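First comes the structure, then the notes that go with it.
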Amino acid sequence: MDLAYLLSLELPICKVSDSPSNIPSIQHWTSLQHNLRAQLQDVDDPGWSLNVLRRVGGLDISFETGTTGTNRATAVLVVCELTVNQVNDENEGTASAMTEIYEDAVDVDMDLPYISGFLFVREVFAYELLLQRLRKSAPELEPDVFLVDGSGVFHPRQCGSASHFGISNGLRTIGVAKKLLCFDDFDKAAGEQVEQHMLCNFGDNIPLVGSSGFVYGLALRTAHPAKDTSSKRIYVSIGNGFCLESTKDVILKCCDVGGSYLPEPVRLADLTGRAIERTCKQIHQMQPGPEARQIAIDISNLLSNKSRKTLLDMLEEVSLDLHQRLASVQPESLKRKRSTVEELFLPLQGMYPEAQVGVLLAALRIEKPWAANLHKECLCKQRAGEAMRVAL
DNA sequence: GCGACAG
DNA sequence: ATCTTGTCGC
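Set out below in structure tokens:
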């Protein structure tokens, strides 16, 4: 850890003029990582096998674009279910696919800067919130394993954010990084060795070995050469609850179902976060203020693609002033069955009476084709804004 | 001494 | 993480 680098970030928790020993948080975080590392489980849970894998979670955070100053972001949890296709046109035994069965997003406010080696400070709090919300609203959908955008044991103290999240919450986790992390035991030279090594076929991999001999993880080719000619690979590491071999097996299973080099649940969480951020940006141009993010996230969380489409059609059919408040729209003017208006429009109006019609239309236009079959409970049964806004 | 460092 | 531009492929 380079202290000059840390100080140059102007951490709000310490003054730039402080001497290195006066950075309590860094020391605290470091010892927390050492404590957690001692509890890390790097062998398979008893009874684990790839055959029992049913659900896989993906966690990712997307950042606000454009606006300077405030550092807001959207954290997303997606849960996918592994489905075995009955129809095997080839002689292979199991052709499988992954379907999104759960999706949740929360607004996060990042006060703290990103510091290499301490990613957990920024991200794990949001992941824990998403976990609590999952356990509260759909405990039966809890995944068998969580894929975390970041690394696990591939870390200077062998406790990256994936391990941190897994150990703290007693979960099986895997770290999925898109870039190599370099530190004293796995330095730039070791990293270059790995990057130069060609990985040609799906599943090809080389270990990430530190100068101490410790195996931090794998560089893994996860794209099929026919589909993706680029040399993109991911760097996977044990998070918690698996050995490295099983970690690799789970990742490969999540990768050969989609068209990306990213495991499907992580890819979908990423797409969802980006879609929400795009919508936030559009809303923000019409109506500056913090409520824009909340509306975009609520609409994404609470309404299925189908319900959003219905509401959009309903509101577009009647000519409305985009600047008028939602509360001023007469439900009687909407050309839809009374039950449809009661289930969709009235709850929406109750949630955002003050919002401009144009803002709601923008939020309803969010595109998430990958979630086409995702079912959401009807709006009137949901409680709006509950625990959705957090400040980290 | 300088730059680089998962997201 | 995000911005950018062009390029390749379906």
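Residues are numbered in our numbering as their position in the first sequence, beginning at 1, plus a constant of 17.
Where is the CB? At the ideal position from N, CA and C, for every residue including glycine.
Because the structure is a prediction, the values reported are computed rather than measured.
- Taking 8 Å as the cut-off, the Cβ atoms of A194 and F171 count as close.
- According to DSSP, C97 shares a beta bridge with V73, E117.
- Closest by C-alpha distance to I316, out of E384, K249, I223, F203, is E384.
- Contact between M331 and L351 holds, with the beta-carbon distance rounding to 5 Å and staying under 8 Å.
- The Cβ atoms of V165 and I132 do not sit closer than 8 Å to each other.
- Fewer than three Cβ pairs drawn from the stretch 261-277 and the stretch 334-342 lie within less than 8 Å of each other, which leaves the two stretches out of contact.
- In this structure, R189 is the residue among K393, T47, R189 with its C-alpha nearest to the C-alpha of P63.
- In the structure shown, F171 adopts coil according to DSSP, grouped into three states.
- Beta-bridge pairing by DSSP links P224 to L235.
- Between the beta-carbon of S79 and that of G290 there is about 3 Å, and that keeps the pair under the 8 Å contact cut.
- In the displayed model, N318 falls within a helix according to three-state DSSP.
- Between R54 and the set P173, A92, Q311, V125, the nearest pair of CA atoms involves P173.
- If you draw a straight line from the Cα of V253 to the Cα of P348, it comes to about 52 Å.
- Per DSSP, reduced to three states, the secondary structure at T47 is helical.
- In this structure L94 does not touch D126 by the C-beta definition: roughly 18 Å separates them, more than the 8 Å allowed.
- As computed with DSSP, N257 is found in a beta bridge with T190.
- A Cβ-Cβ distance of about 13 Å is found for the pair Y369 and I314, leaving them out of contact under the 8 Å criterion.
- Note: A379 is not bridge-paired with any residue in the DSSP secondary-structure output.
- Here the stretch 292-306 does not lie against the stretch 130-147, with fewer than 3 beta-carbon pairs under 8 Å apart.
- Judged by DSSP secondary structure, L164 falls within the beta strand (DSSP E) whose first and last residues are 162-166.
- Annotation: the continuous alpha helix (DSSP H) that includes K205 extends over 205-213.
- Note that the C-beta distance between Y119 and L158 is below 8 Å.
- DSSP, read as helix, strand or coil, puts Y252 in strand.
- Per DSSP, the beta bridge partners of F80 are A90.
- Of the residues M215, M115, W46, F203, the one whose Cα lies closest to the Cα of V141 is W46.
- The beta carbons of V346 and Q373 sit no closer together than 8 Å.
- Put simply, the backbone Cα of T327 is about 45 Å away from that of A236.
- V73 sits buried, since 16 or more C-beta atoms from the chains shown fall within 10 Å of its C-beta.
- In this structure A388 does not touch E212 by the C-beta definition: roughly 35 Å separates them, more than the 8 Å allowed.
- The alpha helix (DSSP H) runs of length 4 or more contained entirely in the stretch 258-330 are, from start to end of the chain, 261-272, 281-303, 308-319.
- Annotation for Y131: no alpha helix (DSSP H) segment contains it, and DSSP assigns it neither H nor E.
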